[in-house]
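In my numbering, the protein residues as written are 5 to 395. Beta carbons are placed, not taken as given, at the ideal position from N, Cα and C, and that holds for glycine.
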């Protein structure tokens with residue numbers, strides 16, 4: 005590990021948080037019709053742990069209304085790792101218990117004992133543009149757009165349909181661009197699986213092509229996390245008693261601090277990573293004390309990490325399963341794959357890190373009436389030819 009020198013100040017806490025989380029699975033199903041109208045269904049499956057169920061049941065003895073909506077369904081949000089799709093009140097929302105066909109209208113009843121719950125939101129739309137505008141996503145408290153486009157091309161014997169759904173990239177959330185750490189096509193392959201850089205390569209050639217990509221990616225995360233940490237300290241610099249240098253001098257030393265981290269490395273085993281980092285570089289504990297665990301600014305730092313970085317380090321990621329139904333037969337699923345006649349994708353917040361991410365699919369529907377017309381025309385032509393010959 006010493007040769008990698010990875011800076012992971014909060015990863016140990018992050019992993020503990022992930023282990024303690026309840027099981028959560030999101031599935032997005034989109035149906036595109038021939039006329040451009042469409043429908044979207046979002047299904048969230050939440051398996052509650054015993055402690056959460058016991059906490060829910062306590063609400064039965066309270067003076068509140070006879071309803072209880074768990075925190076994770078308060079506004080019906082669909083999580084794509086740390087990115088969140090937000091749904092307004094125009095969606096039809098129901099809930100059910102796993103393995104039960106009965107559907108119930110919101111809100112979820114108080115004191116539900118079953119641990120495996122499913123919540124569904126559904127809505128029909130007049131166009132794909134309307135649908136995508138209804139499902140923007142939030143990342144680190146900022147809203148991002150989703151755009152849809154549907155094309156229908158008549159080719160006589162068949163009609164071709166193309167649908168694209170584009171998610172706005174979130175690269176503006178990071179001070180240091182990913183392009184400073186790896187080539188653009190390599191970054192795209194690492195985050196989205198395209199372009200297919202290893203296609204046709206041997207195992208040795210593929211390893212050589214991707215050698216060091218993970219460490220470059222983690223270095224990018226590390227240095228952006230440190231930038232956010234320094235920004236937080238500078239925002240509250242006037243609260244520091246006996247600061248060894250001015251705020252301007254602290255800001256000027258950022259690059260030197262980054263180099264110090266890269267040269268020395270911080271590991272999971274280090275319980276006092278922040279203290280050792282700042283004391284080692286500045287010979288003081290005033291900075292680590294400002295953002296120490298349990299303090300106001302320490303909680304702010306933890307929120308930054310959880311909202312922005314936690315899922316970017318996690319393997320494997322939760323993400324969301326995405327299924328797309330198109331008119332006719334799907335012949336191309338773009339970056340996804342075709343399963344049981346549907347285009348299937350795995351959405352992850354990593355898809356949005358570098359550039360806009362597009363889901364695309366093309367389908368064809370045979371125009372049988374065109375063959376009938378052709379048969380009639382040929383039959384008439386042949387009949388006319390035979391008739392003239394006999395005359």
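Residue 261 and residue 120 have their C-alpha atoms spaced approximately 47 Å apart. Residues 371, 374 of the same chain have their beta carbon placed closer than 8 Å to that of residue 160, with the five preceding and five following residues left out of the count.
Distance between residue 255 and residue 324, taken at the CA atoms: about 39 Å. The secondary-structure analysis by DSSP pairs residue 147 across a beta bridge with 142. Proximity of the stretch 137-150 to the stretch 181-196 falls short of the contact definition, fewer than three beta-carbon pairs being nearer than 8 Å. In this structure, the beta-carbon distance from residue 365 to residue 337 falls below 7 Å. In the three-state DSSP reduction, residue 103 falls in the coil class, being neither helix nor strand.
In the DSSP assignment, residue 304 falls within the unbroken alpha helix (DSSP H) covering 300-308. Nearest C-alpha to residue 355 among 383, 226, 172: 172. Counting every other CB atom within 10 Å of its CB across the protein chains shown gives residue 169 a total of 16 or more, marking it as buried. Per DSSP, the beta-bridge partners of residue 328 are 34, 347. Exclusion of the five residues before and after residue 87 leaves 141, 143, 353 as the residues of its chain whose Cβ lies within less than 6 Å of its Cβ.
Under the three-state reduction of DSSP output, residue 44 falls in the strand class.
Of the other Cβ atoms in all chains shown, fewer than 16 fall within 10 Å of the Cβ of residue 343; this residue is therefore exposed. Per the coordinates, the alpha-carbon of residue 106 lies some 34 Å from the alpha-carbon of residue 367. With respect to the 7 Å criterion, residue 181 and residue 189 are not classified as neighbours on the basis of their beta carbons. In this structure, the alpha-carbon of residue 291 lies about 31 Å from that of residue 85.
When the beta-carbon positions are compared, residue 230 and residue 305 stay at least 7 Å from each other.
In chain order, 291, 292 place their CB closer than 6 Å to the CB of residue 282, counting only its own chain and leaving out the 5 sequence neighbours on each side. Residues 213 of the same chain have their beta carbon placed closer than 8 Å to that of residue 205, with the five preceding and five following residues left out of the count. Within the same chain, and ignoring the five residues on either side of residue 279 in sequence, the residues whose Cβ sits closer than 7 Å to its Cβ are 289, 292. The distance from the Cβ of residue 99 to that of residue 112 is about 5 Å, consistent with a contact at the 8 Å cut-off. In the three-state reduction of the DSSP assignment, residue 89 falls in the strand class, which pools E and B. At a Cβ-Cβ threshold of 7 Å, residue 165 and residue 330 count as neighbours.
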